[in-house]
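Below is one structure, written out as structure tokens; comments come after it.
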Amino acid sequence: MTRLFAALLSLVALFSTPVFAQSDTDIVWVQIEAQPNLSTAQARAQDYAGSLGDVAGFSLGGGWYGIVLGPYLRPDAEEVLRVYRAEGRIPSDSFIALSAGLGQQFWPVGTNVLGQGAVTAPVEQTAEPAAPAAPIAQPEPADETPAEARRSEQALSREERQGLQIALQAAGFYNAAIDGAFGAGTRRSMADWQSFNGYEATGVLTTLQRKALMDQYNAPLISVGMARRYDSQAGIEMDMPLGAVRFSRYEPPFAHYEASGDDGIRVLLISQPGDKATLFGLYDIMQTLEIVPLDGPRERGSDSFTLEGRGNGIVSYTEAALANGEIKGFTLIWPQGDEDRRARVLAAMKESFTRTEGVLDAGAGGDAEQRVDLVSGLQIRKPRLSRSGFYVDGKGTVMTVAEAVTGCTRVTLDHDYEAQVIDTDAGLGVAVLRPVQPLAPMQVADLATDAPRINAEVVLSGFSYEGVLGAPTLSFGTVADVSGLRGETELARLSLKAQTGDAGGPVLDSSGAVIGMLLAEPAGDQQLPRDVSFAAKAQALRDVLSVSGIGARDAAGAGTVTPDEMSRRADAMTVLVSCWN
1 MTRLFAALLS LVALFSTPVF AQSDTDIVWV QIEAQPNLST AQARAQDYAG
51 SLGDVAGFSL GGGWYGIVLG PYLRPDAEEV LRVYRAEGRI PSDSFIALSA
101 GLGQQFWPVG TNVLGQGAVT APVEQTAEPA APAAPIAQPE PADETPAEAR
151 RSEQALSREE RQGLQIALQA AGFYNAAIDG AFGAGTRRSM ADWQSFNGYE
201 ATGVLTTLQR KALMDQYNAP LISVGMARRY DSQAGIEMDM PLGAVRFSRY
251 EPPFAHYEAS GDDGIRVLLI SQPGDKATLF GLYDIMQTLE IVPLDGPRER
301 GSDSFTLEGR GNGIVSYTEA ALANGEIKGF TLIWPQGDED RRARVLAAMK
351 ESFTRTEGVL DAGAGGDAEQ RVDLVSGLQI RKPRLSRSGF YVDGKGTVMT
401 VAEAVTGCTR VTLDHDYEAQ VIDTDAGLGV AVLRPVQPLA PMQVADLATD
451 APRINAEVVL SGFSYEGVLG APTLSFGTVA DVSGLRGETE LARLSLKAQT
501 GDAGGPVLDS SGAVIGMLLA EPAGDQQLPR DVSFAAKAQA LRDVLSVSGI
551 GARDAAGAGT VTPDEMSRRA DAMTVLVSCW N
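Counting from 1, one number per residue, gives the positions in the sequence shown under UniProt numbering.
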């Protein structure tokens, strides 16, 4: 009604002026809306200006305000009207208006649009008419009549009928027993699936519908090119995602199938001769590899094992079993976040795994890259950082630096033994660890009862290169001062060249007593001279242990020990502390 009334006002204004013959050179406008108050009209003009060009606003008289597009020559205006209507950008009852029907301009502010000549239309004259609306989808005609579908259904084996039920269940349409019997429940689920997929809901699947259902179910397998693979050298036959992996090399006990695309899918075939000891050794070795993240269930039986790891962007599954003196299995490595496809592919691999004659030749892959951090071509998992520590009691309690346990999801001692943080003294920068399973260290630190003396010779025991060498090394130096740079009495300054991994290691005097623990390098921009280090004194360490309810063992004050004895003690009490993500 408001638009009709505004149009009538325009017509009244038109017929109150002299009428001239219209031509293609007439300057006209496309009126798209009218409002009964100025503030609303201004707001609407601003809205239209956000998506259309050439928007203007004029008073129409009688308290009405019109929003128009233009000015255009008449052919351009007619094209704008047609195109914008078809595209739904202006109301369908928009119309062409003449300048004579327009009064005072209110939009755009400060510009005399009415006094300017025609502007170029923002649409092409050759614009194609809008495509007709898509017809409403109709159910696909069936390839078979219900009677024909029932006859073709009768030719299915029990396994094929069960497969259809499994596919319906996976699609969310069936939740009863997988028995291969097409009762009322199965028929209802079939009808629901037909309806959902645009077929006539008869409750009896035709031959093509059964194929469509199974293709939906098998889409994860189809997407990775699941196909049968016979590896004669490994003595294994199984279904593998051959569209996503390709054979790379043999490095016993593995046949490597690397990713052929960007998704990072990988497969290992496991094949080697051996016995239970070999199987158990493989179980332990697999858990040190990057391809088996720390989080996930592990299960080892008398003649088989399974490993699942999740983390660092991957999910891996490994299974291996011993039979007739041969260990065979496989590993599937899959990117995280794609669990539905992974589960289907893994299930198909497990179901199809078949042993054939032979195992990998132990000499295969002898020319492969050799590195201490590789096992048969696979990267050994590395901790985020490793530092040193030392045993302080007979249960395996360890003291180390706080940075060795900060932000870790898991802390280990010598890589093999998991430990828990029971106390941290952030001010001193030390931490106390307790192994999850009690340990019986060969040597426990004897904390010195006397304060260190300036210029006294000291020995530092630590994993200078964060465990690369496999054993602690000894560094020699002297006590430069019995306090810190700011006079901290709990610290001692050492003249000693230490490495990053040495932090947390025990500092011993000539009698083999621990006078302190080497602290980590200061954080931030401060950088000390190369031969300057600091240690937390034995008494400060004793105080931290006391808070945790741990009694430190005091040194007996014996005389100087031999270099061999010093090395033995240091090696036996020093432990590698590793922080894992």
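In this text, a Cβ means the ideal position worked out from N, Cα and C, and glycines have one as well.
T412 to D481, Cα distance in whole Å? One-based indexing of the sequence shown puts residue 412 at position 412. One-based indexing of the sequence shown puts residue 481 at position 481. Straight across, the Cα-Cα distance linking T412 with D481 is about 34 Å.
Please state whether DSSP places residue 667 in a helix, a strand or coil. As shown, the chain starts at 1 and ends at 581. That puts residue 667 outside it, with no answer to give.
Per DSSP, the bridge partner or partners of C579: In the sequence shown, residue 579 corresponds to position 579, counting from 1. For C579, DSSP records a beta bridge to L385 and V411.
Report yes if the C-beta distance between V80 and V30 is below 8 Å; otherwise report no. One-based indexing of the sequence shown puts residue 80 at position 80. One-based indexing of the sequence shown puts residue 30 at position 30. V30 sits close to V80, with the two beta carbons spaced by under 8 Å.
Neighbourhood of residue 583 by C-beta distance below 8 Å, restricted to the same chain and skipping five residues each side: The displayed coordinates of the chain run from 1 to 581. Any statement about residue 583 would go beyond what the structure contains.
Short check: CB of I270 to CB of I333, under 8 Å? By 1-based counting over the sequence shown, the position of residue 270 is 270. By 1-based counting over the sequence shown, the position of residue 333 is 333. The answer is no: Cβ separation not under 8 Å.
Let me know the secondary structure DSSP gives Y230 once reduced to three states. If you number the sequence shown from 1, residue 230 lands on position 230. In the three-state reduction of the DSSP assignment, Y230 falls in the strand class, which pools E and B.
Could you check what DSSP says for A471 in three-state terms: helix, strand or coil? Along the sequence shown, read from residue 1 onward, the residue named residue 471 stands at position 471. Under the three-state reduction of DSSP output, A471 falls in the coil class, being neither helix nor strand.
Spatial distance of E565 from L469 (CA atoms): One-based indexing of the sequence shown puts residue 565 at position 565. One-based indexing of the sequence shown puts residue 469 at position 469. Spanning the two alpha carbons is a distance of roughly 21 Å.
Can you round the beta-carbon distance between R553 and D446 to whole angstroms, since I take them to be within the 8 Å contact cut? Taking the sequence shown and counting its residues from 1, one reaches residue 553 at position 553. Taking the sequence shown and counting its residues from 1, one reaches residue 446 at position 446. Between D446 and R553 the Cβ distance is about 5 Å, and since that is below 8 Å, they are a contact.
Can you give me the Cβ contacts of S152 inside the same chain, cut-off strictly under 8 Å, excluding the 5 residues immediately before and after it? Position 152 of the sequence shown holds residue 152. In chain order, E144, T206 and T207 place their CB closer than 8 Å to the CB of S152, counting only its own chain and leaving out the 5 sequence neighbours on each side.
When we look at the beta-carbon of S302 and count the other beta-carbons within 10 Å, is it buried (16 or more) or exposed? Along the sequence shown, one-based indexing puts residue 302 at 302. By the neighbour-count criterion, in which 16 or more other beta carbons inside 10 Å mark a residue as buried, S302 falls on the exposed side.
Alpha carbon to alpha carbon, what distance is there between P563 and Y391? Residue numbering aside, residue 391 sits at position 391 when the sequence shown is read from its first letter. Residue numbering aside, residue 563 sits at position 563 when the sequence shown is read from its first letter. Looking at the backbone, the Cα of Y391 and that of P563 are separated by about 20 Å.
Helix, strand or coil at P506 [DSSP, three-state]: On the sequence shown, position 506 is the one that residue 506 refers to. Correct three-state label for P506: strand.
So, does the segment 283 to 300 touch the segment 351 to 360, judging by three or more C-beta pairs under 8 Å? Here the segment 283 to 300 does not lie against the segment 351 to 360, with fewer than 3 beta-carbon pairs under 8 Å apart.
Assigned secondary structure, L8 (DSSP; H/G/I helix, E/B strand, else coil): Here residue 8 refers to the residue found at position 8 of the sequence shown. Only weak support exists for where L8 lies, its pLDDT of 41 falling under 50; the value from the coordinates is given anyway. If DSSP states are grouped into helix, strand and coil, L8 belongs with the helices.
Report the three-state DSSP secondary structure of T500 (helix, strand or coil). Here residue 500 refers to the residue found at position 500 when the sequence shown is read from its first residue. In this structure, T500 counts as helix in the three-state DSSP scheme.
Give me whichever residues DSSP pairs with S271 in a beta bridge. In the sequence shown, counting from the first residue as 1, residue 271 sits at position 271. Its beta-bridge partners are K328.
Nearest to T500 (by Cα), restricted to the options F463, G484 and Q526: By 1-based counting over the sequence shown, the position of residue 500 is 500. Minimum Cα distance to T500 is reached at F463.
Nearest candidate by alpha-carbon position, reference L69, set V113, Q104 and E200: Walking along the sequence shown from the start, residue 69 turns up at place 69. Out of V113, Q104 and E200, V113 has the C-alpha closest to the C-alpha of L69.
Have a look at T574 and G549 and give me their C-alpha separation to the nearest angstrom. Translated into positions along the sequence shown, residue 574 becomes position 574. Translated into positions along the sequence shown, residue 549 becomes position 549. Cα-Cα distance, rounded: 22 Å.
Entirely enclosed beta strand (DSSP E) segments - the segment 529 to 573, minimum 3 residues: Inside the segment 529 to 573, DSSP marks whole beta strand (DSSP E) runs of 3 or more residues at positions 532 to 537, from first to last along the chain.
So G101 and L52 are in contact, right, with Cβ under 8 Å, and what is the actual spacing, rounded? Sequence index remark: in the sequence shown, residue 101 carries index 101 (1-based). Sequence index remark: in the sequence shown, residue 52 carries index 52 (1-based). Their Cβ separation, rounded to whole angstroms, is 20 Å, which puts G101 and L52 out of contact at 8 Å.
Could you tell me whether the segment 178 to 194 touches the segment 205 to 224, using the rule of 3 or more Cβ pairs below 8 Å? Taking one beta carbon from each stretch, the segment 178 to 194 and the segment 205 to 224 have 3 or more pairs nearer than 8 Å; the two touch.
Assigned exposure category for D284 - 16 Cβ within 10 Å defines buried: Residue numbering aside, residue 284 sits at position 284 when the sequence shown is read from its first letter. That one is exposed.
Excluding five sequence neighbours on each side, which residues of the same chain lie with their C-beta closer than 7 Å to the C-beta of L221? In the sequence shown, residue 221 corresponds to position 221, counting from 1. R344, V345 and A348, listed in sequence order.
So, helix, strand or coil for I291, using DSSP? Here residue 291 refers to the residue found at position 291 of the sequence shown. Correct three-state label for I291: coil.
Between D423 and V544, how many whole angstroms is the CB-CB distance? I'm expecting something under 8 Å. Here residue 423 corresponds to residue number 423 of the sequence shown, with the count starting at 1. Here residue 544 corresponds to residue number 544 of the sequence shown, with the count starting at 1. About 7 Å separates the two Cβ atoms, so the contact holds.
Write down every uninterrupted run of the alpha helix (DSSP H) in the segment 39 to 123 whose length is 4 residues or greater and which is fully enclosed by it, in chain order. Entirely contained in the segment 39 to 123, the alpha helix (DSSP H) runs reaching 4 residues are, in chain order, 74 to 87.
Tell me whether the beta-carbon of L433 lies closer than 8 Å to the beta-carbon of A419. On the sequence shown, residue 433 is found 433 positions in, with the first residue counted as 1. On the sequence shown, residue 419 is found 419 positions in, with the first residue counted as 1. With contacts defined as CB atoms closer than 8 Å, L433 and A419 qualify as a contacting pair.
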